[in-house]
Amino acid sequence: MANRVLIGNHPTHGYGLYVSPTGQNVLSSDNDYLLIDSDAVSHGQLLCWHEVYTDSGNNGSGNGVSFTYSSQGVRNFAFSFSSQLLSSSGVAANINCYAGTPGTARPNAHYGLFGGILGGLSSGGYDTDAGNDIYYTVKLTNSGTTGTCLVERFTPSGSVKDYLVNILIFSEVA
Amino acid sequence: MANRVLIGRHPNISGNPYGLYVSKPSQDVTGTTNSNFLFRSNITEGIGTVGSLNGQSLTVKYQGSTDINLESSGANQRQKSTTVVTWNRSDFNDGTNDRCPLVLVQTSIVDDTTKQNCMGYFWFKNTSTDYLTAQGFHFEVFPYKTTTLGALYCTVNAELYANEYGVWPGTSTATRKIYYAICDAHIGSQTT
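Protein sequences appear in the order of chains A and B.
Residue 125 in the numbering used here sits at position 131 of the first sequence, and the numbers go up by one each step.
If you count the second sequence from 1, you need to add 915 to reach the numbering used here.
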């Protein structure tokens, strides 16, 4: 059975805490696959995953939605997913993913990577406002231990559709 | 040489919290400077506007892949969708509510299942059914799809583009792979 956990002086990487995956020897000089590696620059830890509602009132610069969080006093980074309406009559409550009551289906609740149709040649009605022509920005600022995340949505066609942005924020990584 | 690992009660952080602490190389783990920690288990939310994930690392609950083949003609020539995987909603339950897991997806590239594509999707249409380009992939996570199951759907594009006359090249029907990792992290809060 492989050695899996080392607390102390690693023969290659020095003092620290090291944990290897199943079947791998933690004493190996190859640190590419360690689950925990004290020799790394940092170890990404999730601070929060927050779901943000936006609607037509948030269109354009200066009308975004912001929230604050504990930045732990270090640099953070974020990535995002999005949820857009699946039907013209939908509203944000149909698609939010925050939590579900056990035993109750909510088939329209969803999130995914954003993407869409590149405009310019559409003439068949498929460029109607389905929320899929929206683009948005995510900005992080940090003051002391308080981080602020600002989501601004921009839409060239003046979308009136609700739209959700999911923001995951990690502590410093590099 | 610096102390690098502390398991137990931290002597200097306010409140002396118990936990696991690992400092960055050359930094003393008994210090209190946040940026000097590589890992620490006392992260909480002190501002109060979001639900904290408390410094959780990404733990993968399920991982795997499924195959998909685009078709040489018809509706599935330029993009094709499939149900990648389903899971029991009860796998992600906080004791009261079912929760939405973090799902990561990549696909293999055309004609080479050893190389992966992480490009988000886009396409450029000439008409409602005629794509001039079809690049990348798109996935949607449905955490509460049925009363008992969550589901992952993915649309794979042909990664091709038409020539200057709008003529679509032959679509490769070779097997593509969709890789997924379903992680324990979940949405902690929302702003309505």
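Glycine is no exception: its CB is placed at the ideal position from the N, C-alpha and C atoms.
Item: For N984 of chain B and T1090 of chain B, believed in contact at Cβ under 8 Å, the rounded distance; Value: 6 Å
Item: Integer-rounded CB distance, given that T1061 of chain B should sit under 8 Å from A93 of chain A; Value: 16 Å between Cβ atoms; not a contact.
Item: Distance between Q1021 of chain B and E986 of chain B (C-alpha atoms, nearest Å); Value: 20 Å
Item: Per-residue burial, N52 of chain A [other beta carbons within 10 Å of its own, 16 or more giving buried]; Value: buried
Item: Contact list for the region 1054 to 1068 of chain B against chain A, Cβ threshold 7 Å; Value: F1054, E1055, V1056, F1057, P1058, Y1059, K1060, T1061, T1062
Item: Chain A contact for Q1050 of chain B (CB, 7 Å cutoff); Value: no
Item: C-alpha gap between E146 of chain A and G56 of chain A, whole angstroms; Value: 8 Å
Item: Cβ pair L906 of chain B, S956 of chain B closer than 7 Å; Value: Since the displayed chain B opens at 916 and closes at 1107, residue 906 of chain B lies outside it and no answer follows.
Item: Contact set between H925 of chain B and chain A, taken where Cβ atoms lie within less than 7 Å; Value: Near H925 of chain B there are no residues of chain A at all, since even the closest Cβ is about 15 Å away, more than 7 Å.
Item: Beta-carbon proximity of G966 of chain B to G1103 of chain B, cut-off 7 Å; Value: yes
Item: Distance CB(E45 of chain A)-CB(Q1031 of chain B) smaller than 7 Å; Value: no
Item: L953 of chain B at chain A interface by Cβ criterion, 7 Å; Value: yes
Item: Backbone CA spacing between I1134 of chain B and V1025 of chain B [nearest angstrom]; Value: Nothing about residue 1134 of chain B can be read from this structure; chain B reaches only from 916 to 1107.
Item: Alpha-carbon spacing of G1010 of chain B relative to T95 of chain A, whole angstroms; Value: 11 Å
Item: Own chain partners of G930 of chain B with C-beta closer than 6 Å, once the 5 adjacent residues on each side are dropped; Value: none
Item: Where D33 of chain A meets chain B, residues with beta-carbon distance less than 8 Å; Value: P940
Item: Whole-angstrom C-beta distance between I1097 of chain B and V975 of chain B, which should lie under 8 Å; Value: 7 Å
Item: Local conformation of N868 of chain B per DSSP, three classes; Value: Given that chain B is displayed from residue 916 to residue 1107, the structure contains no residue 868 of chain B and the question cannot be resolved.
Item: Residues that I1028 of chain B contacts on chain A, provided the C-beta gap is smaller than 9 Å; Value: Reading off the sequence shown, one finds Thr at residue 1028 of chain B, where the question assumed Ile. Neighbours of T1028 of chain B on chain A: none; closest Cβ ~21 Å, over 9 Å.
Item: Endpoints, beta strand (DSSP E) assigned at N969 of chain B; Value: 967 to 971
Item: Complete alpha helix (DSSP H) runs within the region 57 to 115 of chain A (minimum length 4 residues, chain order); Value: 86 to 89
Item: Proximity of Y47 of chain A and A86 of chain A at Cβ, strictly below 7 Å; Value: yes
Item: Where F71 of chain A falls, given that 16 or more other Cβ within 10 Å makes a residue buried; Value: exposed
Item: CA nearest to the CA of K939 of chain B, picked from A:S32, A:S65, A:N88, A:L41; Value: A:S32
Item: Three-state secondary structure assigned by DSSP to N951 of chain B; Value: helix
Item: Within-7 Å CB hit, S153 of chain A to chain B; Value: no
Item: Backbone CA spacing between F1054 of chain B and T997 of chain B [nearest angstrom]; Value: 10 Å
Item: Under 7 Å by beta carbon: chain A residues contacting I962 of chain B; Value: T62, Y63, S64, T140
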